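Presented below is the structure to which this report refers.
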Amino acid sequence: MTVMPTPLANQVLIALPALADTNFSRSVALICQHDDDGAMGIVVNRPSEYTLGEVFGQMGVEGGDEALRAQIVLAGGPVHPERGFVLHDGGTRWDSTLAIADDLFLTTSRDILEAMAKGEGPDHAIVALGCAGWGSGQLEHEITENDWLTAPADAELLFQLPLDARWHAAAGRIGVDFAHLADYAGHA
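Residue numbers (our numbering): 1097 to 1284.
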């Protein structure tokens, strides 16, 4: 499958310290889709109050080993907080999958959760409830207003680093140390 690139897809947005919106303060959001109509992304560093085991239980999905069931589900953004999104590697064999990059996908269908519970899911996956959305031109405006930095996404950032390390690590990927910014003073 060839992925059609969109301007900011497969980039992460890194909230600058001065961004006061409580939905996005100190957040890292992977842009999954971006076109003339707007952008859609998943916040990848905010834990929700749920574990994957609790989500499985609510959906009637059986199985999953203890580690999988204990996995924290992310708060992916303020839009559609009742909807589940699975960010993963491993292809598009599920019913409703968007290719973000050659090795990164977003699936919204139940079948991926069932496959994960059976041990047949992708090698790397994070589950989020909700997403982030921007209308036409809104994200571009927020970037020019210095609300966000952008950086390339990578598997280590998305799937391996602890959630509380992702904001600093994402900025570090482009040589930014928030401790040296005036707006960051006093935020330890």
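All residues carry an ideal CB built from backbone N, CA and C; glycine is no exception. In this text the structure is predicted, and so the values were computed from the model without any measurement.
Counting of Cβ neighbours within 10 angstroms places residue 1240 among the exposed residues, the total staying below 16.
Closest in alpha carbon position to residue 1200, among 1141, 1171, 1211, 1182, is 1182. For residue 1131, the enclosing beta strand (DSSP E) stretches over residues 1124-1131. Straight-line spacing of the CA atoms in residue 1269 and residue 1252 works out to 11 Å. In this structure, the CA atom of residue 1171 is about 25 Å from the CA atom of residue 1272. If you draw a straight line from the Cα of residue 1110 to the Cα of residue 1237, it comes to about 15 Å. Under the DSSP assignment, residue 1223 falls in the beta strand (DSSP E) whose first and last residues are 1221-1231.
The criterion of a C-beta distance shorter than 7 Å is not satisfied by residue 1180 and residue 1218.
By the Cβ rule, the region 1190-1204 does not count as touching the region 1155-1175, because fewer than three pairs are nearer than 8 Å. Beta bridge pairing from DSSP links residue 1110 with 1124, 1245.
Annotated three-state conformation of residue 1188 is coil, per DSSP. The Cβ-Cβ distance between residue 1227 and residue 1157 does not fall below 7 Å. Counting every other CB atom within 10 Å of its CB across the protein chains shown gives residue 1242 a total below 16, marking it as exposed. By the neighbour-count criterion, in which a residue is buried when 16 or more other Cβ atoms sit within 10 angstroms of its Cβ, residue 1276 is exposed.
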